[in-house]
Amino acid sequence: MTSLAQINRIILPDSNWQEILAHGKRKLAGDYLPGESKGKRAYGIIAGSQNENLLEVARILPGKKNVRSEEPYKTYMDRIMAQHAIPSKTPLSQRGWVIDPLEVKECYDICDRENLIVLGTYHMHIVPWEGDPIRDTPTHLDTVLARNSCLFQFIISMVDITNPIIRAFYEGQNEKETPIFIQAENS
Amino acid sequence: MDGESLEEIMEGLWSRHPGLKTIFDDTAMLSIFVNSRLVTTGIEKWDAVSLNKEDEIALIIPIAGG
């Protein structure tokens, strides 16, 4: 099978896009599920199938619990943050998301059952930065965290919640963007 | 698998898939599931995991983002 690095097109069904948006908007509204990590951050896994150089999204698996503040992840993430994060309104200690390994395992179990593969992860950017008002591309920190992952990183710009944007970058590298085609159902 | 420690199994995995070792520079964050149950996180505890021939092992590499 062609590696994900060779993908040149991603099909995203509109229903899956709406799921991602609903996840982001719900977190922004502070409407949390039982046991869900609080905070205005939405992070999740995108699964689907690959046909040669085409990826087709089939499943959105929203991350529920962020273990970023639990060891052994905290030490690692604190170090990465100190080295690579650009200071923002959000304190470094509250930035970053590490998916609970139990959720990751469940995700791979779902993929095995449904004959899907993990295509990548998604997370949203909500704070405009000076010189980067839309925030629809990976930050340097995003690139560091996606390095050698062999996955796509989907960036959801929610700076303007009325005009959300989704873009995909292989291993979070700005020079490795792959176009996404949002496909209406039954088309 | 019998007679082989988890550490030896992991060394075999690294040798077959060397890229795995570079995904995170701290392998203490890898999680081991045996028969779908999380038994340990962290390489320092791997030798404490006893395995049987029919056990199904899953290695979960952390997924993290900014």
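Protein chains in written order, with our numbering: chain V, 991 to 1177; chain F, 51 to 116. Here a beta-carbon is modelled for each residue, glycine too, at the ideal position from N, C-alpha and C.
Endpoints, beta strand (DSSP E) assigned at residue i
| i | result |
| --- | --- |
| Q1040(V) | 1033 to 1041 |
| Y1112(V) | 1107 to 1115 |
| A1158(V) | 1155 to 1160 |
| I1151(V) | Segment: none, I1151(V) is in no beta strand (DSSP E) and carries neither H nor E. |
Three-way DSSP call (helix, strand, coil) for residue i in this model
| i | result |
| --- | --- |
| G1014(V) | helix |
| L109(F) | strand |
| D1122(V) | strand |
| N1056(V) | strand |
| P1003(V) | strand |
| I1076(V) | coil |
| V99(F) | coil |
| T1129(V) | coil |
| S86(F) | coil |
| Q1173(V) | strand |
| G116(F) | coil |
| L80(F) | coil |
| E1046(V) | strand |
Any C-beta of chain F under 8 Å from that of residue i
| i | result |
| --- | --- |
| I1089(V) | yes |
| V1094(V) | yes |
| D1132(V) | yes |
| H1013(V) | no |
| G1086(V) | yes |
| T1111(V) | yes |
| M1148(V) | no |
| L1106(V) | no |
| T992(V) | no |
| M1114(V) | no |
| Y1066(V) | yes |
| L1002(V) | no |
| Y1033(V) | yes |
| P1062(V) | yes |
Terminal residues of the alpha helix (DSSP H) in which residue i lies
| i | result |
| --- | --- |
| Q1084(V) | Looking at the DSSP string, Q1084(V) is not in any alpha helix (DSSP H), and its letter there is neither H nor E. |
| I997(V) | I997(V) -> no alpha helix (DSSP H), and no H or E assigned at all. |
| E1061(V) | It is not in any alpha helix (DSSP H) - E1061(V) carries neither H nor E in the DSSP assignment. |
| L1141(V) | Taken as a continuous stretch (DSSP letters only), L1141(V) belongs to no alpha helix (DSSP H), as it is neither H nor E. |
| Y1022(V) | Counting along the chain, Y1022(V) falls outside any alpha helix (DSSP H), and DSSP gives it neither H nor E. |
| P1178(V) | The structure shown has nothing for residue 1178(V), since chain V only spans 991 to 1177. |
Residue i at chain V interface by Cβ criterion, 8 Å
| i | result |
| --- | --- |
| I110(F) | yes |
| I113(F) | yes |
| M60(F) | no |
| S65(F) | no |
| L88(F) | yes |
| S81(F) | yes |
Whole-number beta carbon distance between residue j and residue i, since they are thought to touch under 8 Å
| i | j | result |
| --- | --- | --- |
| G1110(V) | A1158(V) | 7 Å |
| I82(F) | I113(F) | Actually they do not touch by this definition, with Cβ atoms about 16 Å apart. |
| N1164(V) | T1127(V) | 6 Å |
| A1037(V) | H1013(V) | Contact flag wrong, Cβ pair sits at about 15 Å. |
Please determine if the region 1086 to 1102 of chain V and the region 1118 to 1126 of chain V are in contact, where contact requires at least 3 C-beta pairs separated by less than 8 Å. no
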